[in-house]
Amino acid sequence: MNITRLFLLTLSVLFASLSLRGQKKQWQASELALSQGDYQLAKAKAQELLQSAKKPKSNYYYTLAQAHFGLNEFDSCLQSLQIYLQDKNHKDQALFLAARAFHYEMNYQQAMHYYKLFLKTKGSRKFNRKKVKRLLLQAVFAERNAAVSSPAIASPYQSPINTAYDEGPLFKGNKAYYYFSSDRPDSSGQKNRQIYQIERKERSWSQPQPLSERYNSPEEECLLGFSSDYRQLFFQRDSQGLVDNFGDGYGQSLATPIALDSQYHSWTGDHYFFSDSLFFFVAGPHAQDLDIYYRKRNADRSWSAPIALAGPVNTPAAERTPFLAADGKTLFFSRLSALGVGGYDVYESVYEAEKGQWTSPRLLPAPISSPGDDLFFRLSANGLGGSCSAVELAEKGGSTFISYILGKKERRSWRFRLVWIFCKERPKNWPLHRLAIWLFYRP
């Protein structure tokens, strides 16, 4: 009898050990998927763990919360965190994750609460505390200005334009063709930022097709713009601005694309060509210290030296993605400021010629500015709408290309002809993650 009991006890211990080993491997697989950005797989593995384990470990809920966050499932993320945070030995970073999830849910009071809790922990010392404090101030600002909103309606483009990868700004070309940059895997499975062409067919889209090897190299490209007649294409490759003929068999009349400009700072990008004789760009010593510059074409067809826009446009905060409306005086750009909703927000400033200065920039309220990074704001041709690239998850990746339809107040002041441009290349230190495209519509 004792031998039988001993045998059964041994089997029980053995099965328990095997079960624990299996759970550990499953949890490690989920953690690996998280580190590789495969949030869907991480979520599936974590859910399987929680269903199979008799006594699930609290870490499983934290892994699941991170996967939900990476998939923009903020409510589910907070539900998992609510269970995980009951563990007194929880990671300090979980407080920051809760703050970010509440921030994206626009629950600014709870976001402030968890930002403050996180800043009191030892774990916050390993973080960029300056960034956390800026996010806290943005939550405070957003809470105080929650009643201020725009009548615009935001709507994301669906597949095949927006995918799980980084989609750059969408630009209209000649006829029914549009162009955008994306780091989706190519036919060989390699993930490299390339330029794609897509055709609008009534209410649907064709499948995106990459441009020829002349434009899509093994390096990453970011489209900068078209000339007004669509015959020239401006793009950037490794912080080098280039121009190429576009309407004659993908530029075969030129031996190679012609260099536009040398790199001005260690970080140079966000070029916007207002016309063939004026373009804007952004430069700075690093991605957190950027200002807006412009260059004009001289009488001898050479380009002037870079000229920085004066205050109040350029500030100690980072400014990016300038867009000058066709009236030649209304500037839209994005700024990373504590006096914003979250991340980069969209601002508007008007040049007053009689005073020779720019007006104090005005923050464009929700839904144009959001808790994520809002970049590459562009106005439509009739002034009734526009588009913007929004990075929903600056920490994890996950951005969306949005379109906007504007209300009557905005339409009265923004009725300009749109100057469409292309952004073909992104430097390798480009501070964006998984851009996507949204549209704005008038209600």
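Residue 80 is where the sequence shown starts when you use my numbering, and the numbers rise one by one after that.
Beta carbons are placed, not taken as given, at the ideal position from N, Cα and C, and that holds for glycine.
{"Check": "Three-way DSSP call (helix, strand, coil) for Leu-369 in this model", "Outcome": "strand"}
{"Check": "Ser-354, enclosing beta strand (DSSP E) - first and last residue", "Outcome": "346-354"}
{"Check": "Given Leu-410 as reference, the closest of Phe-455, Gln-367, Asn-186 once Cα atoms are compared", "Outcome": "Phe-455"}
{"Check": "Cβ contact check for the segment 407-426 and the segment 440-458: 3 or more pairs under 8 Å", "Outcome": "yes"}
{"Check": "Contact belief for Tyr-430 with Arg-414 at Cβ below 8 Å, rounded distance in angstroms", "Outcome": "Contact flag wrong, Cβ pair sits at about 17 Å."}
{"Check": "Proximity below 8 Å, CB of Val-420 to CB of Ser-448", "Outcome": "yes"}
{"Check": "Inter-residue spacing [alpha-carbon to alpha-carbon] between Pro-401 and Asn-168", "Outcome": "46 Å"}
{"Check": "Meets three-Cβ-pair contact criterion under 8 Å: the segment 372-390 and the segment 355-362", "Outcome": "yes"}
{"Check": "Whether Glu-246 touches Phe-259 by CB criterion (8 Å)", "Outcome": "yes"}
{"Check": "contact_flag[the segment 240-255, the segment 200-208] where n(CB pairs < 8 Å) is 3 or more", "Outcome": "no"}
{"Check": "Leu-150 vs Gln-119 beta-carbon contact at 8 Å", "Outcome": "yes"}
{"Check": "Beta-carbon proximity of Gln-102 to Ala-144, cut-off 8 Å", "Outcome": "no"}
{"Check": "Chain-order list of residues whose beta-carbon lies under 7 Å from that of Tyr-194 (same chain, five-residue window excluded)", "Outcome": "Ala-178, Val-211, Leu-214, Leu-215, Ala-218"}
{"Check": "Opposing strand residues paired with Arg-376 [DSSP bridges]", "Outcome": "Trp-382"}
{"Check": "In DSSP terms, what Asp-171 is bridged to", "Outcome": "None, per the DSSP bridge assignment."}
{"Check": "Span separating the alpha-carbon of Thr-200 from that of Glu-299", "Outcome": "40 Å"}
{"Check": "Close-in-space but distant-in-sequence residues of the same chain around Met-185 (CB under 7 Å, 5 per side omitted)", "Outcome": "Pro-450"}
{"Check": "Distance between Asp-452 and Val-74 (C-alpha atoms, nearest Å)", "Outcome": "Because the chain is modelled from 80 through 522, residue 74 falls outside the range shown and cannot be assessed."}
{"Check": "C-beta neighbour in chain D for Ala-405, strict 8 Å", "Outcome": "Of the protein chains in the structure, only one exists, and it is not chain D."}
{"Check": "Close beta carbons around Ser-416, own chain, < 6 Å, minus the five adjacent residues each side", "Outcome": "Ala-396"}
{"Check": "Three-state class that DSSP yields for Ser-109 in the structure shown", "Outcome": "helix"}
{"Check": "Whole-angstrom distance between Ser-109 and His-147, CA atom to CA atom", "Outcome": "12 Å"}
{"Check": "Beta carbon of Phe-197 nearer than 8 Å to that of Leu-174", "Outcome": "yes"}
{"Check": "Ala-384, buried or exposed, once every other Cβ within 10 Å from all chains shown has been counted against 16", "Outcome": "exposed"}
{"Check": "Buried versus exposed, by CB contacts within 10 Å (16 or more), Thr-394", "Outcome": "exposed"}
{"Check": "Proximal residues to Ala-190 (C-beta, below 7 Å), its chain only, five neighbours per side dropped", "Outcome": "Ala-178, Phe-181, His-182, Ala-218"}
{"Check": "Completely contained beta strand (DSSP E) runs for the segment 111-190, where each covers 3 or more residues", "Outcome": "none"}
{"Check": "Which residues DSSP lists as bridging Leu-198, in chain order", "Outcome": "According to DSSP, which records beta bridges pairwise, Leu-198 is partnered with nothing at all."}
{"Check": "Contact check, Gly-252 vs Tyr-294, beta carbons under 8 Å", "Outcome": "no"}
{"Check": "Cβ shell of Ala-387 (< 8 Å), same chain only, five flanking positions each side left out", "Outcome": "Asp-370, Ile-371, Tyr-372, Asn-393"}
{"Check": "Inter-residue Cα distance where the pair is Asp-265 and Ala-112", "Outcome": "21 Å"}
{"Check": "Contact check, Lys-124 vs Gln-105, beta carbons under 8 Å", "Outcome": "yes"}
{"Check": "Asp-424, buried or exposed, once every other Cβ within 10 Å from all chains shown has been counted against 16", "Outcome": "buried"}
{"Check": "Nearest-angstrom Cα separation, counted from Tyr-141 out to Tyr-275", "Outcome": "38 Å"}
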